[in-house]
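Using the working numbering, read the sequence shown as starting at 1 and increasing by one per residue. Think of the CB as a built atom: it goes at the ideal place given N, C-alpha and C, for glycine as much as any other residue. Encoded as structure tokens, the structure appears first; notes follow it.
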Amino acid sequence: MAVLLFDLDGTLADTNPDLHAAMNHILGQHGLAPLPQDKVRHLIGGGAAMILQRGFSEHGVTLSDADMAAATEEFVLWYDQNIDHGTRIFDNLMPILDRARAQNIKMGVVTNKREGLAAKLLFRLNLQGYFDVLVGGDTLATRKPEPEMVHTAMTRLGGTPHNTVLLGDSEADTGAARAAGVKCVCVSFGYRRIPLEELGADAIIDDYADLPDTLDHLMPGVFAGLNSD
């Protein structure tokens with residue numbers, strides 16, 4: 001038995017184009033200038049409200065709790081309607097998912113994105129069939145970097161800390177993995193607000209093609225099937 005858990009934004013897929021568009025839609029409604037896409041990629045993480053709050057902060061603007069709640073719901077509504085216009089799956093991911101499924105490696109998604117949005121995006125990207133468990137940012141009372149989301153997904157898939165790895169891209173992922181007692185592999189091409197080398201990941205990959213050898217080095221024998229054709 002082996003379990004692979006994946007973050008979504010910046011790990012499974014490059015969602016920045018559509019989150020960037022949603023951000024600038026809301027900023028425009030408040031009379032604020034759009035932010036460049038490269039700026040927004042460093043604001044992603046923690047869920048819609050957190051992303052939007054960071055966007056307003058870039059303009060030195062702080063909304064009241066009520067106004068922020070309303071802006072967040074508008075952000076989510078607009079994003080939900082445009083969720084896959086520019087989003088794409090990262091290169092060399094699909095062979096990994098195909099091989100893992102063929103080898104009966106259990107897979108789940110653990111994301112701070114709202115569960116409904118995450119489920120919709122996985123469906124639109126034709127990824128839903130690979131994952132037996134989805135834990136979203138509103139599934140439980142806590143979210144990453146707290147450990148409960150990782151514990152829940154791991155347990156539902158029949159895993160233990162000794163046979164489970166979390167794939168992520170940010171401090172929320174390394175924090176959650178560490179708190180849950182599982183290994184964490186970070187992708188270098190994702191979204192984060194601190195330097196990659198400061199994440200405290202157990203391993204870092206630049207390409208999904210490197211994942212099988214990385215896992216074999218990190219947990220010898222547990223994910224051996226990923227190196228099979």
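Over what stretch of residues does the beta strand (DSSP E) that includes residue i continue unbroken?
| i | result |
| --- | --- |
| Leu5 | Val3 to Phe6 |
| Ala203 | Ala203 to Ile205 |
| Leu166 | Thr164 to Gly168 |
Spatial neighbours of residue i within its chain, please: CB distance less than 6 Å, with the 5 preceding and 5 following residues excluded, ordered by chain position.
| i | result |
| --- | --- |
| Gly159 | Val3 |
| Ala176 | Lys144, Pro145, Pro147 and Val150 |
| Thr15 | Asp9 and Thr87 |
| Thr142 | Glu148 |
| Arg156 | Val133 |
| Leu93 | Tyr208 |
| Leu97 | Tyr130 |
Alpha carbon to alpha carbon, how far is residue i from residue j?
| i | j | result |
| --- | --- | --- |
| Lys240 | Ser64 | The structure shown does not extend to residue 240, since the chain spans only 1 to 229, so no value can be given for it. |
| Asp253 | Gly47 | In the structure as shown, the chain begins at 1 and stops at 229. Residue 253 is therefore absent and cannot be evaluated. |
| Ala100 | Asp132 | 13 Å |
| Ile89 | Asp216 | 24 Å |
| Cys184 | Thr174 | 6 Å |
| Met68 | Trp78 | 15 Å |
| Ala70 | Pro17 | 23 Å |
| Pro212 | His42 | 28 Å |
| Met219 | Leu12 | 21 Å |
| Val187 | Ala66 | 36 Å |
| Tyr208 | Gln103 | 17 Å |
| Ile83 | Val222 | 35 Å |
| Pro95 | Asn163 | 21 Å |
| Gly45 | Thr72 | 14 Å |
| Leu226 | Tyr130 | 15 Å |
| Ile204 | Asp80 | 31 Å |
| Thr214 | Asp206 | 11 Å |
| Leu140 | Asp91 | 31 Å |
Output needed for residue i: all residues of its chain with C-beta closer than 7 Å, excluding positions within five of it in sequence on either side, in chain order.
| i | result |
| --- | --- |
| Ala118 | Leu8, Val109, Thr111, Leu134 and Gly136 |
| Phe75 | Ala22, Ile26, Ala48 and Leu52 |
| Asp138 | Arg114 and Glu115 |
| Asn126 | none |
| Ala153 | Leu5, Gly108, Val110, Val133 and Val135 |
| Ala224 | Asp216 |
Tell me which residue opens and which closes the alpha helix (DSSP H) that residue i is part of.
| i | result |
| --- | --- |
| Val40 | Gln37 to Arg41 |
| Leu117 | Glu115 to Arg124 |
| Met94 | Leu93 to Ala102 |
| Val182 | That residue, Val182, is in no alpha helix (DSSP H); it is neither H nor E in DSSP. |
| Met107 | Where Met107 is concerned, there is no enclosing alpha helix (DSSP H), although the beta strand (DSSP E) it sits in stretches over Lys106 to Val110. |
| Val133 | Not the alpha helix (DSSP H): Val133 falls in the beta strand (DSSP E), residues Val133 to Val135. |
| His217 | Leu211 to Leu218 |
| Ala71 | Asp65 to Gln81 |
| Arg192 | Unbroken run through Arg192: none, as it is neither H nor E. |
| Ala153 | Glu148 to Arg156 |
Establish whether the CB of residue i and some CB of chain D are separated by less than 7 Å.
| i | result |
| --- | --- |
| Val182 | The displayed structure is made up of one protein chain only, and chain D is not part of it. |
Name the DSSP beta bridge partners of residue i, please?
| i | result |
| --- | --- |
| Ala48 | According to DSSP, Ala48 bridges with nothing at all. |
| Arg143 | Bridge partners of Arg143: none, in fact. |
| Arg88 | Asp14 |
| Arg9 | The sequence shown places Asp at residue 9, not Arg. In the DSSP output, where bridge partners are listed per residue, Asp9 has Ala13. |
Looking only at its own chain, which residues have a Cβ that is under 8 Å from the Cβ of residue i, when we skip the five neighbours before and after it?
| i | result |
| --- | --- |
| Met1 | Lys106, Gly158, Gly159 and Asn163 |
| Gln128 | Ala119 and Leu122 |
| His85 | Pro17, Asp18 and Ala21 |
Cβ contact (3+ pairs, closer than 8 Å) linking the region 17–34 and the region 56–74: yes
Cβ contact check for the region 121–129 and the region 170–188: 3 or more pairs under 8 Å: no
Inter-stretch contact (C-beta, 8 Å, three-pair minimum) for the region 20–27 and the region 35–55: yes
Cβ pair count under 8 Å reaching 3, the region 152–169 against the region 185–192: With the cut-off at 8 Å, the region 152–169 and the region 185–192 touch.
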